[in-house]
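Accompanying notes for the structure given below.
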Amino acid sequence: MTKKIKNFIYKIINNDLINRKYQKIITRFPPEPNGYLHIGHVKSIYINFKIAKYFKGKCNLRFDDTNPSTEKKKYINSIKKDIKWLGFKWHKKEKYTSNYFHIYYMYAKKLIKNKLAYVDELSTSEIKKYRGTLTKPGIDSPYRNRDVNSNLLLFKKMKKGYFKEGQMCLRAKINMQSKNITLRDPVLYRIKYSKHPKTKKKWCIYPMYDFAHCIADSIEHVTHSICTLEFQNNKYLYNWILKNLNIQHRPKQYEFSKLNITYNISSKRKINQLIKKNIVTGWNDPRLMTLSGMRNKGYTSKSIINFCKSLGISKQESIIDLNVLEKYLKKDLNIIAPRIMGIINPFKIICTNIKNNYLWNIKVSNHPINKKMGNRLIIFSREIYIEKKDFKKFFFSKKKKLIKNKIRLKYAGLIKPQKIIKNKNNKILYLECKFYKKNIYKNINIIHWLSTKNLLKTKIKFYYKLFNYPNPNIKKKYLSLINKKSLKIKYGYIEKSILKNKHKIFQFERIGYFKINKITHKKHIYLNQIISLTYKQ
Ligand code: ATP
Ligand code: MG
């Protein structure tokens, strides 16, 4: 291994290869198809796929589909689409935990026969009560010592649909007094009558995550089972199951810390709440940090991957500032986005020394560095728009007097204010200026502008933070922390040349990056802001 080893998981894997513990590294990304992927999942995807690539191994995509009440085909499809969009390729065909349902059933019977599992008739709430707490040991279920044959018969009846959901379950017989609560006779199988997206109505008993995961990892010859920190205690159960079933290939589990980003929620259950309460429009709402939402907003997969690359792998719980992710977004957009001029809050300027029919076609480049993006023509004429904010900043004193400073219009000449024109009610209508084509002055402020002869009207959505609080993940009442002004709609102007450009993402000079959502046959343009530059509206 000549390359520098980066972090603890890489070091472990490297040693395992050096010590010939494994010939080939196999990792897996195991999403539950009960929602869309979010930015947190990308960290896991990145780690698992990159490890496989780095060590010339394989990474499986395995749908952890053991709960038919919440899982759907549409989630399976969206997850596959998102991983492809990120640029990763899983090994061969995607896998499903449900492919192995018959094997789990066989292993469950083996545990029963070895007196290591029993059918319990306690209700879910009783099981919880009997389990105890961190300070209180658990109590044995009255059904714990049922004989093997009765257990086998009941388990068979569970499978055949004799019982209602929650009436019976299969539990491992480990230790109700264990310090690790996960080991206090965990449930291995439960009854569910919902239709499964893959196996339909074939089964009505389903293995729990803890029973399913380790066995699936083993069947697929996964070498390193990498997951997030909340599974630390489950590791003992993972090992217990493989050992007690006498399964030969026993992968090892390693944990890393979850990715959290400020002002954002990354839990499928909570995102679902936001959708159900109509706070967002769906899983792909651009205000969400689901991959489909981010893609909709205009995030590039490259920027997300570069961000993940910068994170590294550790066990340190942390929350990353949204600005860090946005820094990577801006960096990528700066390279790929052609420039264009747009005005969000228009303010009219009339250049009185320019004739009405005067048109000056100015050739400008579409990108300051990438000349391959070509040139376009912009028009200068007697009437132009500038941003209202620039008018106030450069031409209007605090005492509301006109400042007669010269300003440079980007790509064109200079303007010098002459007179503010108001209506009867003293409302400012426009500003009269003199235009100077000769660009002889230096160190003059530069602003963007648009000729009234070269513009199209556009409807723009501006998205802001969805939460007012930096870490809504840790708040129970996260719904009360919603920023009610997370979406604003404005009407602005944009250069006509946008119609001729094939790109979908543009930089409005000095304002920000924007994505075209739709152009109608009547040339109505719908945009959304991806991210603003420092210039604030
Ligand atoms: P959620 O709480 O959003 O439902 P989950 O962990 O239940 O998340 P899964 O579909 O089970 O979602 O996750 C698939 C993989 O992604 C798991 O290995 C899980 O550990 C990992 N993962 C989930 N959330 C994050 C996160 N925020 N950061 C890093 N990895 C994550
Ligand atoms: Mg889960």
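Under my numbering, the residues of the sequence shown are numbered -6 to 530, in order. Yeah, the Cβ is synthetic: ideal placement off N, Cα and C, and Gly gets one too. From a predicted model like this one, the values you see are computed outputs, not experimental measurements.
Leaving aside the five residues that flank HIS441 on each side, the residues in its chain whose CB is nearer than 6 angstroms to its CB run, in chain order, MET334, LYS403, GLU502 and ARG503. Taking a 10 Å sphere around the C-beta of MET99, we find fewer than 16 other C-beta atoms and assign the residue as exposed.
A straight line joining the alpha-carbon of ILE38 with that of HIS242 spans about 23 angstroms.
Remark: C-beta atoms of ASP203 and CYS162 do not approach each other more closely than 8 angstroms. Separation of LYS508 and ASN227 (C-alpha to C-alpha, rounded to the nearest whole angstrom) is 44 angstroms.
Distances between the C-beta of LEU252 and the heavy atoms of the ligand ATP include at least one below 7 angstroms. Between ILE297 and ASN253, the gap from beta carbon to beta carbon reaches 8 angstroms or more. Each residue's CA atom was taken as its position, placing SER187 and LYS65 some 11 angstroms apart. Placement of the Cβ of THR255 at a distance of 7 angstroms or more from every heavy atom of the ligand ATP is found. A contact between stretches requires three or more CB pairs, one per stretch, nearer than 8 angstroms, and the stretch 81 to 96 meets this requirement with the stretch 46 to 60. As for any alpha helix (DSSP H) of minimum length 4 sitting wholly inside the stretch 99 to 161, the runs are 117 to 124 and 141 to 153, ordered along the chain. Remark: the C-beta of LYS36 is in contact range of the ligand ATP, defined as less than 7 angstroms to any heavy atom. Runs of the beta strand (DSSP E) spanning 3 or more residues and lying entirely within the stretch 428 to 514 occur at 448 to 456, 480 to 488, 498 to 501 and 505 to 512, in chain order. Boundaries of the alpha helix (DSSP H) around GLU319: 315 to 329.
By the neighbour-count definition (other C-beta atoms within 10 Å, threshold 16), LEU422 is an exposed residue.
Using a cutoff of 7 angstroms, the CB of CYS207 does not count as near the ligand ATP, since none of the ligand's heavy atoms is closer than that.
In the displayed model, CYS197 falls within coil according to three-state DSSP, outside both helix and strand.
Straight-line spacing of the CA atoms in LEU238 and TYR199 works out to 18 angstroms. If you draw a 10 Å sphere on the C-beta of SER285, you find 16 or more other C-beta atoms in it, and that means buried. For PHE373, the enclosing beta strand (DSSP E) has its first and last residue at 368 to 373. Distance from the Cα of SER250 is smallest, within the candidate group TYR256, LYS295, GLN309 and LYS195, for GLN309.
With contacts defined as CB atoms closer than 8 angstroms, LYS468 and LEU474 qualify as a contacting pair. Taking a cut-off of 8 angstroms for Cβ pairs, the stretch 356 to 376 and the stretch 339 to 348 touch, as three or more such pairs fall below it. Under the three-state reduction of DSSP, GLU223 is assigned to helix. Shown here, TYR247 sits in a strand according to DSSP, grouped into three states.
In this structure, the ligand ATP has a non-hydrogen atom nearer than 7 angstroms to the beta-carbon of LYS261. The C-beta distance from LYS516 to LEU449 rounds to 6 angstroms, short enough to meet the 8 angstroms contact threshold. For LYS43, the enclosing alpha helix (DSSP H) starts and ends at 32 to 47.
A residue is called buried when at least 16 other Cβ atoms come within 10 angstroms of its Cβ; PRO361 does not meet this threshold and is exposed.
The C-beta separation of TYR506 from GLY291 comes to about 7 angstroms, placing the pair in contact by the 8 angstroms criterion. Measuring C-alpha to C-alpha distances from ASN0 to each of HIS31, GLY33, VAL35 and TYR47 identifies TYR47 as the nearest.
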